[in-house]
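Report on one structure; see the data block that follows.
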Amino acid sequence: MISRSSTEQGDGDSFDPDISADGNTIVLSSAATNLVPGDSNERSDLFVYERLTGVLRRLSPESALKPRASRQARISGNGSRIAFISGASNWVANDGNGVDDVFAYALMGDAVQRVSLTDQGNEATGSIGRPTISADGNCVAFSSDAAFVADDFNSSHDVFARNLGTQGIWRVSIGFDGREASNLAASGYLVDCNTVLFASYDGSLSGLDLGFGVHIYRRHNGGTDLVHEVPAITGTIDYAVSRNGRYLVQGNDFPGSGGDMKRVDLTTLAVASFAGRVGVPNAVSEDGTTFIATTTRPLAIHDRNVVADVYVQDVSPNPTWLTTRPQSASPALIANGASGRADAPDPITPNAGTRTQSVSDDGNLVLFNSVASNLVNIDNNHVEDVFLRDRATGMTTLLSLAPGGTEANGMSRANDISGDGRFVTFESCATNLIVNDLNNLCDVFLLDRQTMMVERINIATNGDVANQQGDRNRGHWSRVSNDGRFVVFMSMATNLVPGATSMQRRVYLRDRAAGTTTLVSDPGQLGAITPDGRHVVFTVAGEIRIWDRLTMTSEPVSIGLGGASQDGSSEWPSVSDDGRFVAFLSSSTNLVGDDTNGSATDVFVHDRQSGTTRLVSKPLGDAIGTVGGSICEISGNGRFVAYIPGGGIDGLALDSRGLLADLETGNIRTFVSHQDVIAGRDLVMRPRINPDASVVVFAAFGLNRSDADISGDLPDVFVTEGVSSSLLFTDGFE
Numbered sequence: 114m115i116s117r118s119s120t121e122q123g124d125g126d127s128f129d130p131d132i133s134a135d136g137n138t139i140v141l142s143s144a145a146t147n148l149v150p151g152d153s154n155e156r157s158d159l160f161v162y163e164r165l166t167g168v169l170r171r172l173s174p175e176s177a178l179k180p181r182a183s184r185q186a187r188i189s190g191n192g193s194r195i196a197f198i199s200g201a202s203n204w205v206a207n208d209g210n211g212v213d214d215v216f217a218y219a220l221m222g223d224a225v226q227r228v229s230l231t232d233q234g235n236e237a238t239g240s241i242g243r244p245t246i247s248a249d250g251n252c253v254a255f256s257s258d259a260a261f262v263a264d265d266f267n268s269s270h271d272v273f274a275r276n277l278g279t280q281g282i283w284r285v286s287i288g289f290d291g292r293e294a295s296n297l298a299a300s301g302y303l304v305d306c307n308t309v310l311f312a313s314y315d316g317s318l319s320g321l322d323l324g325f326g327v328h329i330y331r332r333h334n335g336g337t338d339l340v341h342e343v344p345a346i347t348g349t350i351d352y353a354v355s356r357n358g359r360y361l362v363q364g365n366d367f368p369g370s371g372g373d374m375k376r377v378d379l380t381t382l383a384v385a386s387f388a389g390r391v392g393v394p395n396a397v398s399e400d401g402t403t404f405i406a407t408t409t410r411p412l413a414i415h416d417r418n419v420v421a422d423v424y425v426q427d428v429s430p431n432p433t434w435l436t437t438r439p440q441s442a443s444p445a446l447i448a449n450g451a452s453g454r455a456d457a458p459d460p461i462t463p464n465a466g467t468r469t470q471s472v473s474d475d476g477n478l479v480l481f482n483s484v485a486s487n488l489v490n491i492d493n494n495h496v497e498d499v500f501l502r503d504r505a506t507g508m509t510t511l512l513s514l515a516p517g518g519t520e521a522n523g524m525s526r527a528n529d530i531s532g533d534g535r536f537v538t539f540e541s542c543a544t545n546l547i548v549n550d551l552n553n554l555c556d557v558f559l560l561d562r563q564t565m566m567v568e569r570i571n572i573a574t575n576g577d578v579a580n581q582q583g584d585r586n587r588g589h590w591s592r593v594s595n596d597g598r599f600v601v602f603m604s605m606a607t608n609l610v611p612g613a614t615s616m617q618r619r620v621y622l623r624d625r626a627a628g629t630t631t632l633v634s635d636p637g638q639l640g641a642i643t644p645d646g647r648h649v650v651f652t653v654a655g656e657i658r659i660w661d662r663l664t665m666t667s668e669p670v671s672i673g674l675g676g677a678s679q680d681g682s683s684e685w686p687s688v689s690d691d692g693r694f695v696a697f698l699s700s701s702t703n704l705v706g707d708d709t710n711g712s713a714t715d716v717f718v719h720d721r722q723s724g725t726t727r728l729v730s731k732p733l734g735d736a737i738g739t740v741g742g743s744i745c746e747i748s749g750n751g752r753f754v755a756y757i758p759g760g761g762i763d764g765l766a767l768d769s770r771g772l773l774a775d776l777e778t779g780n781i782r783t784f785v786s787h788q789d790v791i792a793g794r795d796l797v798m799r800p801r802i803n804p805d806a807s808v809v810v811f812a813a814f815g816l817n818r819s820d821a822d823i824s825g826d827l828p829d830v831f832v833t834e835g836v837s838s839s840l841l842f843t844d845g846f847e
């Protein structure tokens, strides 16, 4: 540890480290007051540490004035100079602008000069961005919205460079023809006094007419050329350059993106992609094989702090992540990543859809997804995966694998499991699960656990691959019949059946035995299928309908009293094994006569045999104090409905508990109470139940129970029998 005195750790935060090319000199910022004697200015300071001598010294202005903070120091490759930002006015004489400036500090002789002066030697008053310094320490680059040169008229951030010897300053972020750039996307990076990199959303600076995105340019000897282009994204990107100027690494830490860092060889402009390498790059080795990156995603087994951490990542021919992980599948370890619910979908491929979980008929096998990396022995892809938990053996198995056991190169999310546990459907944005997956889209797949064969489901009868993905928020929402022959799914594709040429959500049925894909509803969404594959329930235009595969006809389910049309909107259907009972949500007020809460969303069950509909989400039993429902599922035998109440008149938060209604007795009991969930993170999600409702699987942010021993900082998947809950993948609770 560097940020410590000779006897104790620093008493304040230390940050912004950088190191010279030979590894001897390290510069950092620190708010600690006990690293050196006499540090009483109550501001963050710059410190320099010499590894050979072990000496740590503070760099401070020669003045009795209390300076403002100094930060973002960068050291030259040869260790001779430091460039940094400071709001202090006493580093140099005549500093009267009262704002941050860029300074250069010569470690030999302690000479300081201000870098951020205009071409006329005047002070500027604009904001300042991160500085970089050349390997020889002769030039410094920085960004600012101030006008440091005479022809700066764009009133936006630009990248400037100054030669500390000649004192010349020039603007770097300009086009090949000298015109001003606009919309800077990231700070500049100075390779040497003749070469500076910068990023802009402007796609025309190199003379090419490129589309919207982030474009990284190289300004070299008066010319501007494009070195790398990042497709249109939301948010910002960042990049790092090796000390020798050979390699550029670009990445981001978007939630759910799975990483996908890019490395550009600045000599050949060859681009290498590293799927699963995550985070914002901070540094890259001179041979381009090792990155340092910052990410909020948990890569190490005990990383549950949900804040940014720094990792070293090796992308050499035999990749090794230099992070700690268990060497064996250790069920006693709590998952180090979110499960059942995780970050938002990838902004580049957003259609991966809502997470879910599922359970086999006997309640033993539980399907779920997780971004955790410590649930199985080897999980190095650093994206969300699909897992199967065998509650009887206590084993967790990674399912989203390519042939030969290769890890998926993209995120995957659980959809459904057949009653006997043989067949699993899941979403995946990976391209290596099957051969010739070239559509560059998230698809829906079926895994036969007996043969371990994976096949794509969202294809046309003639074999054409879907040209669009599933719903943006819910993905393909696939459900599988017990024998694995039929899979119902939704898709935005326009080429799965003839005539369906507009891009909208439709429900399809894939018959794997016949090799056919049939249109069930156009438009339509949220399909569910009976175990025999005969009936499919779905939502269309806010109405619930059920389709019969044998007659190829559908009939309405969400029917008002007397056969009237519903006066609200309905969704989230599920169906009993025999197709008789359909549970769903609806805001309609005319489905039953005892709906007294107005247009609040409620849970209903329709009996197709008797033609009657009953209100399930009544304030009875354990449901007293609740109003309506938000998510529901009916058991295979049609007797039970698990649902999440829509709110509480007792002031409890929405989705703060889970309820199980017995339609035979009318009793409503709790399968997870608001006292069980972590206060302030009271969210219960997506219950799934087995045919007799003896097992309920659900997701939550954590349970407030001593036996679970969870801090509640990450979502997890739970299973419950009776009224007790246990963490699904933790040893000792099942």
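Residue numbers for the sequence shown follow this note's numbering, so the first one is 114 and each next one is one higher. All C-beta atoms, glycine included, are put in the ideal place defined by N, C-alpha and C.
The C-beta distance from Ser286 to Phe311 rounds to 5 Å, short enough to meet the 8 Å contact threshold. If the five residues before and after Ser594 are omitted, its C-beta is found closer than 8 Å to the C-beta atoms of Ser531, Val600, Ile642, Thr643, Pro644, Asp645, Gly646, all from its own chain and listed in chain order. By the neighbour-count criterion, in which a residue is buried when 16 or more other Cβ atoms sit within 10 angstroms of its Cβ, Glu668 is exposed. The C-alpha of Gly288 is placed about 15 Å away from the C-alpha of His270. DSSP places Glu668 in the uninterrupted beta strand (DSSP E) bounded by 666 to 669. Apart from sequence neighbours up to five positions away, the residues of its chain that approach Val472 with a beta-carbon distance below 6 Å are Val479, Arg801, Asn803, Val808, Val810, ordered along the chain.
DSSP places Gly291 outside both helix and strand once states are collapsed to three, so it counts as coil.
By the C-beta density criterion, Gln185 is buried, having at least 16 other C-beta atoms within 10 angstroms. Around Asp290, the same chain offers Gly320 as residues with beta carbons nearer than 8 Å, after the five sequence neighbours per side are excluded. By the CB criterion at 7 Å, Val397 and Val362 fall inside the cutoff.
Look at the beta carbons and you see the stretch 497 to 505 not touching the stretch 622 to 641: under three pairs across the two are nearer than 8 Å. Here the alpha carbons of Arg356 and Ala274 stand approximately 17 Å from one another. The C-alpha of Ser701 lies about 35 Å from the C-alpha of Pro611. Within the same chain, Ala134, Ala248, Arg356 come within 6 Å of Gly190 by CB-CB distance, once the 5 residues on both sides are set aside.
Straight through space, the alpha carbons of Ala713 and Val670 are spaced by roughly 19 Å. Separation of Gln582 and Phe481 (C-alpha to C-alpha, rounded to the nearest whole angstrom) is 21 Å. A distance below 7 Å separates the beta carbons of Gly741 and Asp715. Closest in C-alpha terms to Gln226, from the list Gly192, Gln233, Gly239, Gly278, comes Gly278.
Relative to the Cα of Thr614, the nearest Cα in the group Asn586, Asn580, Asp596, Thr308 belongs to Asn580. Per DSSP, Glu777 lies in no beta strand (DSSP E) segment and is marked neither H nor E.
In terms of CA proximity to Met374, Ile405 leads the group Ile405, Arg587, Leu159, Leu663. The three-state reading of DSSP puts Leu674 in helix, counting H, G and I together. Check the Cα spacing between Ile139 and each of Asp129, Thr146, Cys542: the tightest is with Asp129. One thing to note: Ser300 has its Cβ no nearer than 7 Å to the Cβ of Ser229. Under a 10 Å Cβ-count criterion, Met605 is classified as buried, with 16 or more other Cβ atoms of the shown protein chains found around its own Cβ. Counting along the chain, the unbroken beta strand (DSSP E) around Leu511 starts and ends at 508 to 511. Beta bridge pairing from DSSP links Ser486 with no other residue.
Bounds of the beta strand (DSSP E) holding Ser699 are 694 to 699. Boundaries of the beta strand (DSSP E) harbouring Pro758: 753 to 758, taken from the DSSP string. Closest in C-alpha terms to Ile491, from the list Leu512, Gly476, Gly507, Ser683, comes Leu512. Counting along the chain, Glu399 sits inside no beta strand (DSSP E), nor does DSSP assign it H or E at all. For Ala263 against Asp232, the beta-carbon gap comes to about 6 Å, under 8 Å, which counts as contact. As summarised for the stretch 198 to 271, the continuous beta strand (DSSP E) elements at least 3 residues long and confined to that stretch are 214 to 219, 225 to 227, 252 to 257, given in chain order. Of the candidates Asp351, Asp378, Leu148, Asp265, Asp351 places its Cα closest to the Cα of Val393. In the three-state reduction of the DSSP assignment, Gly517 falls in the helix class, which pools H, G and I. Restricted to the stretch 706 to 739, the beta strand (DSSP E) segments that are unbroken, complete and at least 3 residues in length are 715 to 720, 725 to 728, listed in chain order.
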